[in-house]
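**Q** Got a structure for you, written out below as C-alpha cells; questions coming shortly.
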Amino acid sequence: MKDVFLVIGANGQLGSILTLSLREQYGTKQVIASDITKHKTFLGTFETIDATDRFQIQQVVRKYKVTQIFHLAAILSAKGETHPLKTWEINMTTFLNVLEVARTNGVKKVFYPSSIAVFGSEAAQIKTPNNACLNPNTVYGISKVSGEIWAQYYHEKYKLDVRSIRYPGVIGHQSLPGGGTTDYAVSIFHKAVLGEPFACYLGANTSLPMIYIEDAIRATLELMEAPQEAIKIRTAYNIAGLSFSPKEVALAIQERIPSFKITYAPDFRDKIAQNWPQSIDDTAAKQDWGWLPRYNLSQITDTMLQALTAYYTKPLKTNKDRSILCI
Ligand code: AKB
299 MKDVFLVIGA
309 NGQLGSILTL
319 SLREQYGTKQ
329 VIASDITKHK
339 TFLGTFETID
349 ATDRFQIQQV
359 VRKYKVTQIF
369 HLAAILSAKG
379 ETHPLKTWEI
389 NMTTFLNVLE
399 VARTNGVKKV
409 FYPSSIAVFG
419 SEAAQIKTPN
429 NACLNPNTVY
439 GISKVSGEIW
449 AQYYHEKYKL
459 DVRSIRYPGV
469 IGHQSLPGGG
479 TTDYAVSIFH
489 KAVLGEPFAC
499 YLGANTSLPM
509 IYIEDAIRAT
519 LELMEAPQEA
529 IKIRTAYNIA
539 GLSFSPKEVA
549 LAIQERIPSF
559 KITYAPDFRD
569 KIAQNWPQSI
579 DDTAAKQDWG
589 WLPRYNLSQI
599 TDTMLQALTA
609 YYTKPLKTNK
619 DRSILCI
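Under my numbering, the first residue of the sequence shown carries the number 299, and numbering increases by one thereafter.
Below, the structure is given as C-alpha cells:
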C-alpha cells in the first residue's frame, strides 16, 4: 500500500517546499497539505487544520488514511520571545496532538523539526556535538528540547517511529521564513536584488550554522526513508550545512553586486544568536543515515541572487513558481 503524507504547517518556509518535494517524489495525490488557513496559491489537496485541536488532525488522518505526518507548524525563536506562554502552548500542544493522533490511528511515521535553538551557554559553540548539554534561553528552544524528549518517549513506550532533525537557519529563494533569529540570511538577498541597503539586526561577526533549503529538504526525506534500524538517535540529529556571519554573506553578495550596502544594529536577536552554536558536529547523521550537505556560501549566493532576480523581474509561469514566496 502506498504511503499517504500529511504536512502540517504547509504554508511555511519549509512546509511549502517539503510539500512540493513529497509530491514530486511520491505523487500529488499521496500528499495532503494543511495549515491554519489556505494560501491562495496552493494547488492540490489542502485541508484547513488548527493543530491545537486534536480532533481536527484526527479527522484528516482518518479521512485520507494518513501513514506519515510531517509536523512543521511552530512559532520560531524571535517571535516566540514576544509571546512566551502562547509559544509554549502552541508548540507543545500541536506536537503532543500529532503524537497522540499518530499513536491511536495507525500512523507509521512522524517527522518532528527540532532546531539548533536547543543549545545554550553550556554547549561548546564550535562543532557542537549531538549529545551536548541542552540549556536553551528561548521559549522556542525549550519547546524544541521538550519535543525531542517526547519524541523519544513515544518511540520507547509506544514504538511510534518518530524522527527528528535539528535544523540550522534555512536559506531559500522559494519561500520566506517568519519570526526566526536566522531570517536575516534570507532577507539580505531580497534587499540586495532590489538594490536596497540592508539593516542587519545581528552583529557583523555573529556567526551561525545555516543550510540551503534543498539540503534541508533532502536531509528530511533521507532521514525519513532510512531503515528503522539505522536510526540510533530518537531525540534529534544535528545536521550541518555551513556557517557564516552577516559580514561574510554581505561580502559574498558585494563580490557579485558591488553597490550593495549593509549596516548593523544588533537587537535582542543578536543575544539569542550569541547563545547558539557557531558550527555543528553532524557525525552521527553522517554515520547513521549517510547525511552529506552539498551547498557552500558561494553556491548559495549565486543561486539566491539568480533566482530572486528572476522572481522580481519575470512573470510567474509554472506551478513551482507559484509556490515562490508563499507566505
Ligand atoms: C530560528 O531562527 O528560530 C529558526 C531556527 C534556527 O530554528 N530558523
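The C-beta atom is built at its ideal place from N, Cα and C for all residues, glycine as well.
Model, not experiment: these values are computed from the prediction.
In the DSSP assignment, what are the bridge partners of Thr266?
**A** Outside the shown range of the chain, which is 299 to 625, sits residue 266, and nothing can be said about it.
**Q** Hey, quick one: how far does the beta strand (DSSP E) through Leu540 stretch, first residue to last?
**A** If you number the sequence shown from 1, residue 540 lands on position 242. 540 to 542 is the extent of the beta strand (DSSP E) around Leu540.
**Q** Which of the three DSSP states is assigned to Gln249 in this structure?
**A** Absent from the model: residue 249. The displayed extent of the chain is 299 to 625, so no value can be given.
**Q** Using only alpha-carbon positions, find the residue among Asn389, Asp301, Arg352, Ala571 that is nearest to Lys407.
**A** On the sequence shown, position 109 is the one that residue 407 refers to. For Lys407, the nearest C-alpha among the options comes from Asp301.
**Q** Pop quiz: Phe409 and Met522 are said to be a contact at Cβ under 8 Å. What is the actual Cβ separation, rounded to whole angstroms?
**A** Mapped onto the sequence shown, residue 409 falls at position 111. Mapped onto the sequence shown, residue 522 falls at position 224. About 6 Å separates the two Cβ atoms, so the contact holds.
**Q** Quick check on His381: buried or exposed, where buried means 16 or more other Cβ atoms within 10 Å of its Cβ?
**A** Residue mapping note: residue 381 aligns to position 83 of the sequence shown, counting from 1. It counts as exposed.
**Q** Buried or exposed: Thr402, going by 16 or more other Cβ atoms within 10 Å of its Cβ?
**A** Counting from one through the sequence shown, the residue named residue 402 turns up at place 104. Result: exposed.
**Q** If you run the structure through DSSP and keep just helix, strand and coil, what is Leu458?
**A** In the sequence shown, the residue the question calls residue 458 occupies position 160. In the structure shown, Leu458 sits in coil (DSSP, three-state: anything other than H, G, I, E or B).
**Q** Pick from Asp580, Gly588, Leu595: whose alpha carbon is nearest that of Pro427?
**A** Indexing the sequence shown from 1 puts residue 427 at position 129. Residue Asp580 is the option with its Cα nearest to Pro427.
**Q** Is Asp348 closer than 8 Å to Ile330 when the C-beta atoms are compared?
**A** Sequence index remark: in the sequence shown, residue 330 carries index 32 (1-based). Sequence index remark: in the sequence shown, residue 348 carries index 50 (1-based). It is not a contact, given that the beta carbons lie outside the stated cut-off.
**Q** With a threshold of 7 Å, establish whether the CB of Ser375 neighbours any heavy atom of the ligand AKB.
**A** Reading the sequence shown from its first residue, position 77 is the one you call residue 375. Checking every heavy atom of the ligand AKB against the Cβ of Ser375, one is found closer than 7 Å.
**Q** Use the C-beta contact count for Pro434: other C-beta atoms within 10 angstroms, 16 or more gives buried, fewer gives exposed.
**A** The residue labelled residue 434 in the question sits at position 136 within the sequence shown. Classification of Pro434: buried, given that the 10 Å Cβ count is 16 or more.
**Q** Should Ser413 be counted as a contact of the ligand AKB given a C-beta to heavy atom distance under 7 Å?
**A** Along the sequence shown, read from residue 1 onward, the residue named residue 413 stands at position 115. Under cutoff, so the answer is yes.
**Q** Tell me where the beta strand (DSSP E) around Tyr562 begins and ends.
**A** As a working mapping, residue 562 is identified with position 264 in the sequence shown. From DSSP, the beta strand (DSSP E) with Tyr562 extends over 560 to 562.
**Q** State the start and end residues of the unbroken beta strand (DSSP E) segment that holds Gly467.
**A** Here the question's residue 467 lines up with position 169 in the sequence shown. 467 to 469 is the extent of the beta strand (DSSP E) around Gly467.
**Q** Would you call the stretch 410 to 425 and the stretch 346 to 362 touching, i.e. three or more CB-CB distances under 8 Å?
**A** Result no; under three Cβ-Cβ pairs closer than 8 Å.
**Q** Which residues in the same chain as Ala605 place their Cβ atom closer than 6 Å to its Cβ, once the five residues preceding and following it in sequence are excluded?
**A** By 1-based counting over the sequence shown, the position of residue 605 is 307. So the list reads His471, once near-sequence residues are dropped.
**Q** Pull up the DSSP beta-bridge partners for Cys498, would you.
**A** One-based indexing of the sequence shown puts residue 498 at position 200. For Cys498, which the question treats as bridged, DSSP gives the partners Tyr562.
**Q** Rounded to whole angstroms, what's the CA-CA distance from Glu313 to Ser473? Just pull it up for me.
**A** Residue numbering aside, residue 313 sits at position 15 when the sequence shown is read from its first letter. Residue numbering aside, residue 473 sits at position 175 when the sequence shown is read from its first letter. A small fix is needed here, since residue 313 is Gly in this sequence, not Glu. Their backbone Cα atoms lie some 9 Å apart in a straight line.
**Q** Between the C-alpha atoms of Gly488 and Glu454, what's the straight-line distance to the nearest angstrom?
**A** Against the sequence shown, residue 488 aligns to sequence position 190. Against the sequence shown, residue 454 aligns to sequence position 156. A small fix is needed here, since residue 488 is His in this sequence, not Gly. When rounded, the distance between both Cα atoms is 44 Å.
**Q** Would you tell me roughly how many angstroms separate the C-alpha atoms of Ala415 and Leu492, rounded to the nearest one?
**A** The count along the sequence shown starts at 1 and reaches residue 415 at position 117. The count along the sequence shown starts at 1 and reaches residue 492 at position 194. For Ala415 and Leu492, the distance between alpha carbons rounds to 31 Å.
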